[in-house]
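Following: one structure in structure tokens, then a few remarks.
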Amino acid sequence: MSRFDVVRTGSAVAGPPPTTPKIASHRSGEANPSAAALAEKFGAAIVRREVIWGETIVYVAPNSVHEVIRWLHDDPTQRYDFLSDVTAVEYRDAEVPIEVVWHLRSLPFRKFLRIKAMLPKGQPLEIDSVYDIYRAADWLERECYDMFGIRFKGHPDLRRILMWEQYKEGFPLRKDFPLRGRFSRSEQLRQALAQNPEARYSMEELTIADAFAELPQDMRDRLNKGERTGE
Amino acid sequence: MGLSTPAEHRTVSYAPESQEGWVATRLDFLVNWARANSLWPMPFGTACCAIEFMATAASDFDLARFGMERMSFSPRQADVLICAGRVPFKLAPIIRRIWQQMPQPKWCISMGACASSGGMFDNYAVVQGIDTIIPVDVYVPGCPPRPEALIYGIRMLQEKVKNERAADKGTRDEMEPDPTSQLYIPPSVIDELGEPFGNSVNQTRSGL
Numbered sequence: 149m150s151r152f153d154v155v156r157t158g159s160a161v162a163g164p165p166p167t168t169p170k171i172a173s174h175r176s177g178e179a180n181p182s183a184a185a186l187a188e189k190f191g192a193a194i195v196r197r198e199v200i201w202g203e204t205i206v207y208v209a210p211n212s213v214h215e216v217i218r219w220l221h222d223d224p225t226q227r228y229d230f231l232s233d234v235t236a237v238e239y240r241d242a243e244v245p246i247e248v249v250w251h252l253r254s255l256p257f258r259k260f261l262r263i264k265a266m267l268p269k270g271q272p273l274e275i276d277s278v279y280d281i282y283r284a285a286d287w288l289e290r291e292c293y294d295m296f297g298i299r300f301k302g303h304p305d306l307r308r309i310l311m312w313e314q315y316k317e318g319f320p321l322r323k324d325f326p327l328r329g330r331f332s333r334s335e336q337l338r339q340a341l342a343q344n345p346e347a348r349y350s351m352e353e354l355t356i357a358d359a360f361a362e363l364p365q366d367m368r369d370r371l372n373k374g375e376r377t378g379e
Numbered sequence: 004m005g006l007s008t009p010a011e012h013r014t015v016s017y018a019p020e021s022q023e024g025w026v027a028t029r030l031d032f033l034v035n036w037a038r039a040n041s042l043w044p045m046p047f048g049t050a051c052c053a054i055e056f057m058a059t060a061a062s063d064f065d066l067a068r069f070g071m072e073r074m075s076f077s078p079r080q081a082d083v084l085i086c087a088g089r090v091p092f093k094l095a096p097i098i099r100r101i102w103q104q105m106p107q108p109k110w111c112i113s114m115g116a117c118a119s120s121g122g123m124f125d126n127y128a129v130v131q132g133i134d135t136i137i138p139v140d141v142y143v144p145g146c147p148p149r150p151e152a153l154i155y156g157i158r159m160l161q162e163k164v165k166n167e168r169a170a171d172k173g174t175r176d177e178m179e180p181d182p183t184s185q186l187y188i189p190p191s192v193i194d195e196l197g198e199p200f201g202n203s204v205n206q207t208r209s210g211l
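These protein sequence lines map, in sequence, to chains A and B. Residue numbering for the first sequence is 149 to 379, as defined by the working numbering. Residue numbering for the second sequence is 4 to 211, as defined by the working numbering.
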């Protein structure tokens, strides 16, 4: 199958295509069969399975996430070929870990699966990138890094996407981030006006043009290794 | 010439029989009359105010009546910057640059609560009023303002333009921001303008 073939939703299902239930109960819905298949295949790497409002959630050990999603994408009985979202959840309780969430959709089987991985606080928030499986993960993981500070190992261009690259106040969607930011309004405005976006990008192609010295160190390292950005 | 002007300004006369080809008026009046009735807007629409701005420009409210039908999407050909919508900090240098690209004479209308004060977005990402970035002539309140409100603001701006004096050189000076901080107004004033008010006072800066 080439990458440009049209996938009809539900085309891999024998018989009439599955329909989305109109009324889903809170906890007693029917589980996505992929969850049981995952538990059988990966065993201890599958921490917990839940069905909430008709949607199946599979909690995966953080080290196994890449392997699990790779299998879900490649296996002919699963074919989760569409990554809807990568995001994260932080709870107010300090001891509850941060959850990273992947929303996977199988177009041929018309299935939806939510993968979660729990990252304990107090440790570096790092997890494997799924960029090599889904190109859609590029900006989604950048946004997740920008807002929550979760580092996706293996992402080719992990830098801020919503805030500007020199943003110094932290990660805005974390619970310890004050609503109005950490700096005073005048300092925020001064730093925002100093971002100088025209110096950084050329208009023809969004590449780093000038202001190389102002970039964060990790980005300079990656650029020095010959990596191109903004593509 | 069909203009409704105060009595002391009624110096435009036209009498074909006796004075053909002659118009006697004050230069200020003539220049301001021309400027006020052909303000080309630079629409800087970022949010729902831009929808109301589009409604104002459409046929029901018809901005063409004020000589504003020509939206100038190049700031170099614009007279009035209409900022319709919230401006996040990431856009602050953009709107500053657009303002600096506009040639004199130029004016600015801040349309809506968000552009004027940050509105309901008293958070880490939104500029608390574009008057902290660029000088503003007219503030139009509303969330979003009705087209009538924007037209009222435009009429106020026209009144301001009509009362300008060519002899008053100060009105055409380009304001230069402070070279170190790039701010027009002192930081203490910006902090004061950005202070929470209304329901926002219950949300502390310290977070949890």
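Using N, Cα and C, we set each Cβ at its ideal position, and we do this for glycine too. Note that the coordinates shown come from a computational prediction; the quantities given were computed from them, not determined experimentally.
query	result
Identified DSSP bridge partners for B/LEU84	B/MET45 and B/CYS111
Proximal residues, the segment 128-157 of chain B versus chain A, C-beta separation under 9 Å	ALA128, VAL130, GLN131, THR135 and ILE136
For A/ARG156, the three-state DSSP class (helix, strand or coil)	coil
For B/PRO106, the residue or residues it bridges with in DSSP	Bridge partners of B/PRO106: none, in fact.
8 Å contact criterion, which B/CYS146 and B/SER113 should meet: CB distance rounded	So it is not a contact: roughly 13 Å between Cβ atoms.
Beta-carbon separation (whole angstroms), A/ILE309 vs A/ASP294, contact threshold 8 Å	5 Å
Buried versus exposed call for A/HIS174 [16 or more other C-beta atoms within 10 Å across all chains shown]	exposed
9 Å Cβ cutoff, B/SER120 in contact with chain A	no
Cβ-based contacts, 8 Å cut-off: residues of the segment 82-99 of chain B near chain A	PHE92, LYS93, ALA95, PRO96, ILE97 and ARG99
B/VAL90, DSSP secondary structure in three states	coil
Local conformation of A/GLU335 per DSSP, three classes	helix
Members of the segment 186-201 of chain B that neighbour chain A once the beta carbon cut-off is set at 7 Å	LEU186, PRO190, ILE193, ASP194 and GLY197
Near-chain B residues of the segment 301-317 of chain A - C-beta to any C-beta below 9 Å	LEU310, MET311, TRP312, TYR315 and GLU317
Start and end residues, beta strand (DSSP E) containing A/VAL206	203-208
Contact set between A/GLY329 and chain C, taken where Cβ atoms lie within less than 7 Å	Chain labels in this structure do not include chain C; the protein chains are A and B.
Under 7 Å from the C-beta of B/SER184: neighbouring residues of chain A	ARG338
Contact belief for A/TYR279 with A/GLY302 at Cβ below 8 Å, rounded distance in angstroms	6 Å
Burial state of B/GLU198, where buried means 16 or more other Cβ atoms lie within 10 Å	exposed
Neighbour flag for A/SER332 against chain B, beta carbons, 9 Å	yes
Buried versus exposed, by CB contacts within 10 Å (16 or more), B/ALA116	buried
Span separating the alpha-carbon of A/ALA192 from that of A/SER212	10 Å
Assigned exposure category for B/TYR127 - 16 Cβ within 10 Å defines buried	buried
Cβ-based neighbour list, A/GLU215, same chain, cut-off 8 Å, excluding 5 preceding and 5 following	PHE190 and ALA193
C-beta neighbour in chain B for A/PHE325, strict 9 Å	yes
Cβ shell of A/GLU379 (< 7 Å), same chain only, five flanking positions each side left out	Bear in mind that the predicted position of A/GLU379 carries a pLDDT of just 42, short of 50, making it unreliable; the figure below should be weighed with that in mind. No residues qualify anywhere along the chain.
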